[in-house]
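Down below is the structure, laid out as structure tokens.
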DNA sequence: GTGACAAGTTTACGGCGTCAACATCGTCTC
DNA sequence: GAGACGATGTTGACGCCGTAAACTTGTCAC
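Protein chains in written order, with this note's numbering: chain P, 111 to 322; chain R, 111 to 322.
Here's what the structure looks like:
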């Protein structure tokens, strides 16, 4: 024992559940969903392999928590991108700027944190509590997208008939673009990647915006 | 031993590599990428656990083969959807019909075979040989998409300036829609799902097609 | 025939998720 | 205070997984 004083760790951790989720997030960042390994998370927290079972019924439970944290970080990244928008007063321009920011935030998060992004959309759990999956403003990634679409609608640049379809279509375009850039198109050099993102969002926007 | 006659299996399998890939495809159908388990594939083929190592350097090798097979099936599904198109002679209408068929084939395959679809886009292998990943006509899923876009271009309904961006944008919209419908939106009832697919493709198409 | 090589087998190792049994702590009651 | 008790961690064990090493069986070339 090298550290005297209060260094001796107590028998009980105190906040093991959160610590394990935190470790799980780190593992997910390093290697995606499959890298979330119960024994390794426990090891990193400095606790025995089976201690996690006092807080999670099994591994998928922990993965679900990590997924919620990942979704929250996605929302935070989108909010950060939104913060960089400076409104001009032109409702139409501002609405589209917000829509672009939301989309860019989504895709850039996927590129910056591919492991977390993959965990966030791991499909083997039914539903995630929205409260834990949200960002600073309490809104989820999807909420942020819906809000941008509502502003486009309010600005008269989106047909009411399109409001419904636009919801899933917008999500699909940013999600698909993210998955492709992180996966099959992962060898695109960064500059080309940025161009692709802008062009894709623009082409998609033309389908939404009412031609005047 | 209950079966007499020629039932005694030979020491050498004869076509073990293919048999293992076939078993891997079946496992992937049942449970996605994580369900591809070497020992189980060997068990199903009736061979010892380590026999696979005579044909694959390790598990990721087998997964890669399964992924190629899955991509091939995706292309086949898209070709089948294309076969149902009856050309009208109107180049513009036919081009868009083909585009829709390609997109529908993509999304419907994902919904019909979510496990294979997930394996096809598992991201931990660099590249897949296009020959093995193609369908009946020797074209990959992406090739089929590009061909539809070329026809739209030839029919004058797609601006040459958009031809480049349209490539990835189209892929992104069908891919993102597939991932969402199989994942986070998996509880959508089938009829609503079909409506979403049609509406999404239509909204996206409006962004591509030159407004006359 | 015999020797080399390809293809399958057995055995073994460490890592994983998980269960059952045991240990330690704070807390609540008398 | 004393002691019971529930929540939290630990140890040990089990079966499954991927993989490596050494051995066995079949085939074909000479």
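Every residue gets a Cβ at the ideal spot worked out from N, C-alpha and C, and that includes glycine.
Everything numeric in this text was worked out from a predicted model, so none of it was measured.
Put simply, of 291/R, 244/R, 177/R, 170/R the residue whose alpha carbon is nearest the alpha carbon of residue 148/R is 170/R. By alpha-carbon distance to residue 271/P, the top candidate from 192/P, 259/P, 210/P is 259/P. Scanning the segment 210-242 of chain P from its first residue to its last, no whole beta strand (DSSP E) run of 3-plus residues comes out. When 8 Å is used as the limit between beta carbons, residue 276/P is near these residues of chain R: 313, in chain order. For residue 281/R, the nearest beta carbon of chain P is closer than 8 Å to its own beta carbon.
Comparing C-alpha distances from residue 273/R to each of 241/R, 320/R, 232/R shows the shortest one belongs to 320/R. In terms of beta-carbon proximity, residue 231/P lines the interface with chain R, with at least one pair separated by less than 8 Å. Look at residue 146/R here: in three-state DSSP terms it is coil, with no helix or strand label. In this structure residue 126/R is not in contact with residue 173/R, their Cβ atoms being roughly 17 Å apart against a cut-off of 8 Å. Secondary structure at residue 268/P: strand, using DSSP grouped into helix, strand and coil. Annotated three-state conformation of residue 320/P is coil, per DSSP. Taking 8 Å as the CB threshold, residue 191/R stays off the interface with chain P. Residue 188/R sits close to residue 254/R, with the two beta carbons spaced by under 8 Å. The C-beta of residue 306/R comes closer than 8 Å to at least one C-beta of chain P.
Against chain P, the beta carbon of residue 272/R has neighbours under 7 Å at 313, listed in chain order. In this structure, residue 231/R and residue 293/P form a Cβ contact; the two beta carbons are roughly 6 Å apart against a cut-off of 8 Å. Distance between residue 159/P and residue 241/P, taken at the CA atoms: about 29 Å.
Ranked by Cα distance from residue 201/R, the first of 143/R, 152/R, 266/R is 266/R. Counting only runs of 4 or more residues that sit fully inside the segment 140-205 of chain R, the alpha helix (DSSP H) segments are 148-155, 169-193, in chain order.
Looking at 252/R, 245/R, 192/R, 184/R, the one whose alpha-carbon comes closest to that of residue 223/R is 184/R. When C-alpha distances from residue 228/P are compared across 212/P, 304/P, 131/P, 144/P, the shortest belongs to 144/P. Rounded to whole angstroms, residue 278/P and residue 296/R show a C-alpha spacing of 13 Å. With a 10 Å radius around the Cβ and a threshold of 16 neighbouring Cβ atoms, residue 168/R comes out exposed.
Listed along chain P are 231, 233, each with a C-beta nearer than 8 Å to that of residue 294/R. Taking 8 Å as the threshold, the shortest C-beta distance from residue 169/R to chain P does not fall below it.
For residue 216/R against residue 284/R, the beta-carbon gap comes to about 4 Å, under 8 Å, which counts as contact.
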